[in-house]
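Worksheet: the structure to be examined is printed underneath.
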Amino acid sequence: MSVDNSKVKEAKEAPKAPEEEIKPIKVAGECEIGTVLDCATCKRCSLVCPTELNLEKVVRISRYLKDPKGSHRNVFKVTSKLAGMAETQSWLKKGETGTDIAYFPGCSALFDILLQRDTNYSGAAEAAVLSLNKLGFKPEIIYGCCGHDLYYSGALDEFEIVKKELSKKLEGKKIVVGCGECYHMLKNVYNADVITFAEFVFEQHPKFEKTDLKTTYHDPCRLGRYNEIYDAPRELLKKASDFREMENIREEAICCSVSAWLNCNKHAREVRFNRIREAKATGADYIVTACNKCSIHLDCVHYELNKEEVKDLEGIKIIGLEEVVGYALGVYDPFKEEKSYEVSEIKGKFLEPITIEKDLERYIDEDLIEQAFRCTSCKNCTIVCPVHYDTPGLMMEVFRPELVKRGYAPEKHTKIASVLKKTGNAFGVETGVKSKVNPKAKYIYFPGCVAQYRRDDVFQATVKILDLLGVDYEIPEGLVCCGSVLKRTGHPMDFLIEQNMKVLKGKPIITSCSGCYATLKKDYEGLDVHHITDIIKENIGKLPLKEVKKKVMYHDPCHLGRKFSYYDVPREIIKAIPGIELVPFDKEKENAQCCGAGGGVKSAKPDLANDLAKKKMEEAKGKDVDMVVSSCPFCELNLADNCEDIPVVDILNLIMESLGVKA
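Residues are numbered in the working numbering as their position in the sequence shown, beginning at 1, plus a constant of 163.
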């Protein structure tokens, strides 16, 4: 039967606004940078995370906790609530509907009405229906919104109401979905029986008339990294157009950079600019995508800035995959179709009011707690993140503290925190710090817990090298743990900072532990902090280094490397030792694999920490080296615990060997 837009649904209709009151949304008010908003939830970080952390879940719950305001004066966060109750039907001007299969168009038509741009975003839905007709199917249209933006903006209580209503419509149906966000939600959150438009059409073996369109394909994160759907869209485009690939594709694809309309800022905008430049470099005239929001966000660059600023981005347009398919089937012409801004066709029902108080406990489950304490704080994710989002910062400063406050901390973390409060160190040793009091000294050596209580060889090597170099230093009484272990497990560390600041008195600090270095440098105000290797590098000529004929590999500690780009100095010192052959790991420097022990993982999840260390040491064994060297005693402990065949030593131990001195 033909579509009947006058049909009234079984529900109280939402009030209709006069057409003249609907104005296009203009850019205004970027969101903050460096907050829980920044993450695009694109899952690119999952490609490199050593512990396979499910970050998107943590981000969603963190947003629920913080209730952040979105960009553009929060108007789109409000719109996502409107979308949850609206049924915008004016987009379907042609085509036949029936009950052969269900089709879920999503809410692109609503954004056509709000944005009023030249691009016809809802044209993809109409093209999909016409294409299904051509292939012999009369679909039942399931109107509504999947609630994606509510879900990912942290409006979880509102989402549950939307989910309840939409689930009734989805029950028992096989559903074709064109939008990547909608597909992900219906499949993975609603557990509905869904198939992408691309896969469904590909299975029908359509007979296309190849068009003269020059296309490239943008992989939506929700189809790609979330669901590993890469091939079907490409196969259709190869048949329907002159198709060419971008440089970053499939699981490596760069996302459109915006998550639930929250993070429209200069970082996200630059990601979009670069993605479009990448597409232009292929010679394509059209970026094809299978996601309504990707289409809108990529298209935003032409509406956000003045023409001069986007001059190099002109000449390439955004088009939906369904539109290309419809064009190749001869049933839809994207260049002739007129879009509609008919507000009178928005129908729907009021959502149930939220009658319960916001409560994080409703969303805390075993998996969430598991994810929260898997992060090693290695920062590998920030390297591949298109907006360089600080995931460890979210974990250590927002999420873990909230779970700790609610009593969900791992038992071993709680025990360490208790011991630390009692003794001032993470190992519960009550003998105090080995001191060398010299109030007039220029520097303070801050040894840290591991060198003091587990790696005395590192402590002894440090003081002997400082003495050999004539460095004027002291180890004052009263020093306690820097607090790294507390911060990274979500426990308060203020009492340690307060105690140490009384003792440090603003003097320059030398430390041989990368964890102490990172904590003192970032979390203590106004300190001048130096890693011991800086002092050695500046004075390397004063050390009578002798030949050491060994083949070694250097392990980059995350707290020195990715946190402070501290890569070259340790390597230069190693190379300065005569006879040393320095062999690189397959992944080193900013791409180095972490030892697996950081972020409290060694104590709470030892099997996970050990597995990561074994993997790293297996590579060292395969390269037949004599030893693995590092600049972090804690890394060295975990690596050494997981390999008996190759010694793991501190860079200071290697220097001592070259000097012919025992630590």
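Built from N, CA and C at the ideal position, the CB exists for glycine as well.
Just so it is clear, the structure is predicted and the values come from calculations on it, not from any experiment.
### Task
For Arg525, count neighbouring Cβ atoms within 10 angstroms of its own Cβ and tell me buried if that reaches 16, exposed if not.
Within the sequence shown, the letter at position 362 stands for residue 525. Arg525 is exposed by the Cβ-count criterion.
### Query
Can you give, in chain order, each stretch of the beta strand (DSSP E) that sits fully within the stretch 569–625 and has at least 3 residues?
606–609
### Task
List the whole-angstrom C-beta distance separating Asn455 from Gly310, where the pair is believed to meet the contact cut-off of C-beta under 8 angstroms.
Here the question's residue 455 lines up with position 292 in the sequence shown. Here the question's residue 310 lines up with position 147 in the sequence shown. Incorrect: roughly 14 angstroms between the Cβ atoms, too far for contact.
### Residue(s) in a DSSP beta bridge with Thr379
Locating residue 379 in the sequence shown gives position 216, where the first residue counts as 1. According to DSSP, Thr379 bridges with Ile450.
### Message
Mapping the DSSP letters down to three states, classify Pro733 as helix, strand or coil.
### Response
Stepping through the sequence shown from its first residue, residue 733 is reached at position 570. In the structure shown, Pro733 sits in a helix (DSSP, three-state: H, G or I).
### Inter-stretch contact at 8 angstroms, needing at least 3 Cβ pairs: the stretch 541–551 / the stretch 723–743
yes
### Query
What do you get for Ser598, buried or exposed, if any count of 16 or more other CB atoms within 10 angstroms of its CB means buried?
The count along the sequence shown starts at 1 and reaches residue 598 at position 435. Exposed: under 16 other Cβ atoms inside 10 Å.
### Task
With a 10 Å radius around its C-beta and 16 neighbouring C-beta atoms as the bar for buried, classify Val600 as buried or exposed.
Reading the sequence shown from its first residue, position 437 is the one you call residue 600. Val600 should be labelled exposed.
### Task
Would you identify the three-state DSSP class for Glu560, choosing helix, strand or coil?
The residue given as residue 560 occupies position 397 in the sequence shown. Looking at Glu560 - three-state DSSP - the assignment turns out to be helix.
### Message
Using the three-state DSSP reduction, which class does Glu637 fall into: helix, strand or coil?
### Response
On the sequence shown, residue 637 is found 474 positions in, with the first residue counted as 1. Correct three-state label for Glu637: strand.
### Query
If you compare alpha carbons, which of Asp448, His694, Lys738 is closest to Glu795?
The residue labelled residue 795 in the question sits at position 632 within the sequence shown. One point to set straight first is that residue 795 is Cys, not Glu, in the sequence displayed. Ranking the options by Cα distance to Cys795, first place goes to His694.
#### Entry: Classification of Asp731 by the beta-carbon crowding that lies within 10 angstroms, buried from 16 upward
Against the sequence shown, residue 731 aligns to sequence position 568. Asp731 should be labelled exposed.
### Query
Under a three-way DSSP split, which group does Leu495 fall into?
The count along the sequence shown starts at 1 and reaches residue 495 at position 332. Rather than Leu, the amino acid found at residue 495 in this sequence is Tyr. Residue state, collapsed to three classes: coil.
### Task
Measure the CB-CB distance between Pro573 and Phe536 and report whether it falls below 8 angstroms.
One-based indexing of the sequence shown puts residue 573 at position 410. One-based indexing of the sequence shown puts residue 536 at position 373. Yes, these two residues count as a Cβ contact at 8 angstroms.
#### Entry: Between the CA atoms of Glu533 and Val550 - distance to the nearest angstrom
Residue mapping note: residue 550 aligns to position 387 of the sequence shown, counting from 1. Residue mapping note: residue 533 aligns to position 370 of the sequence shown, counting from 1. Approximately 26 angstroms, taken between the alpha carbons.
### Query
Residues bridged to Ile358 by DSSP?
The count along the sequence shown starts at 1 and reaches residue 358 at position 195. Answer is Val339, bridged to Ile358.
### Query
Just reading off the beta strand (DSSP E) that Asp553 is part of, what are its end residues?
For the purposes of this step, residue 553 is identified with residue 390 of the sequence shown, where counting begins at 1. Element bounds for Asp553: n/a, residue is neither H nor E.
### Task
Would you grab the beta carbon distance between Ser420 and Cys202 for me? Rounded to a whole angstrom, and I think it's under 8 angstroms.
Residue numbering aside, residue 420 sits at position 257 when the sequence shown is read from its first letter. Residue numbering aside, residue 202 sits at position 39 when the sequence shown is read from its first letter. That pair is no contact at about 10 angstroms.
### Query
Are there 16 or more other CB atoms within 10 angstroms of the CB of Ser330, so buried, or fewer, so exposed?
To locate residue 330, count along the sequence shown from 1; it is residue 167. By the neighbour-count rule (16 or more Cβ atoms within 10 Å), Ser330 is not buried but exposed.
### Message
So for Ser271, helix, strand or coil by DSSP?
### Response
Start at 1 with the first residue of the sequence shown, and residue 271 comes out as number 108. Of the three classes helix, strand and coil, the one that applies to Ser271 here is helix, per DSSP.
### Task
Provide the residue span of the alpha helix (DSSP H) that contains Lys705, from first to last.
One-based indexing of the sequence shown puts residue 705 at position 542. Unbroken run through Lys705: none, as it is neither H nor E.
### Val811 in three-state terms, based on DSSP
Reading the sequence shown from its first residue, position 648 is the one you call residue 811. Val811 falls in the strand class under three-state DSSP.
### Query
Just how far apart, CA to CA, sit Cys798 and Phe360?
Within the sequence shown, the letter at position 635 stands for residue 798. Within the sequence shown, the letter at position 197 stands for residue 360. Approximately 48 angstroms between the Cα atoms of the pair.
#### Entry: Beta-carbon separation (whole angstroms), Leu817 vs Ile737, contact threshold 8 angstroms
Locating residue 817 in the sequence shown gives position 654, where the first residue counts as 1. Locating residue 737 in the sequence shown gives position 574, where the first residue counts as 1. That pair is a contact at about 7 angstroms.
### Task
Report all residues from its chain with a CB closer than 7 angstroms to the CB of Glu735; omit the five preceding and five following residues, and keep chain order.
As a working mapping, residue 735 is identified with position 572 in the sequence shown. Excluding residues within five positions, the ones whose Cβ falls inside 7 angstroms are Lys700.
### Task
Tell me, please, which residues DSSP counts as bridged to Val746.
Numbered from 1 along the sequence shown, position 583 holds the residue referred to as residue 746. Answer is Met716, bridged to Val746.
### Message
Below 8 angstroms on the Cβ atoms is my contact criterion, and I expect Glu321 with Leu313 to pass it. Report the Cβ-Cβ distance as a whole number of Å.
### Response
By 1-based counting over the sequence shown, the position of residue 321 is 158. By 1-based counting over the sequence shown, the position of residue 313 is 150. Glu321 to Leu313, Cβ: 5 angstroms. Contact.
### Task
Out of Cys308, Val339, Ile338, Lys337, state which residue places its alpha-carbon closest to the alpha-carbon of Val325.
Within the sequence shown, numbered from 1, the residue matching residue 325 stands at position 162. Residue Cys308 is the option with its Cα nearest to Val325.
### Query
Can you round the beta-carbon distance between Val764 and Ile740 to whole angstroms, since I take them to be within the 8 angstroms contact cut?
In the sequence shown, the residue the question calls residue 764 occupies position 601. In the sequence shown, the residue the question calls residue 740 occupies position 577. Their Cβ separation, rounded to whole angstroms, is 32 angstroms, which puts Val764 and Ile740 out of contact at 8 angstroms.
#### Entry: Inter-residue CB distance, Ala148 and Thr374 (contact presumed, cutoff 8 angstroms)
Lying before the first or after the last residue shown, residue 148 is absent from the chain, which here runs from 164 to 826.
### Task
Return the CA-CA distance between Ile358 and Leu295, expressed in angstroms with no decimal places.
Within the sequence shown, numbered from 1, the residue matching residue 358 stands at position 195. Within the sequence shown, numbered from 1, the residue matching residue 295 stands at position 132. Looking at the two C-alpha atoms, the distance is approximately 13 angstroms.
#### Entry: Cβ-based burial, Lys364 [other Cβ within 10 Å; buried from 16]
Numbered from 1 along the sequence shown, position 201 holds the residue referred to as residue 364. It should be pointed out that residue 364 corresponds to Val in this sequence rather than to Lys. Answer is buried; the Cβ neighbour count reaches 16.
### Message
Quick test of your reading: Lys377 and Gly446, contact by CB under 8 angstroms. State the CB separation rounded to the nearest angstrom.
### Response
Taking the sequence shown and counting its residues from 1, the one referred to as residue 377 is at position 214. Taking the sequence shown and counting its residues from 1, the one referred to as residue 446 is at position 283. Going by Cβ atoms, the distance from Lys377 to Gly446 rounds to 6 angstroms, so yes, they are a contact pair.
### Task
Decide yes or no for the touch test of the stretch 656–674 against the stretch 634–648: beta carbon pairs closer than 8 angstroms, at least 3 of them.
yes
### Query
Should the stretch 404–420 be regarded as contacting the stretch 378–394, the criterion being three or more beta carbon pairs within less than 8 angstroms?
yes
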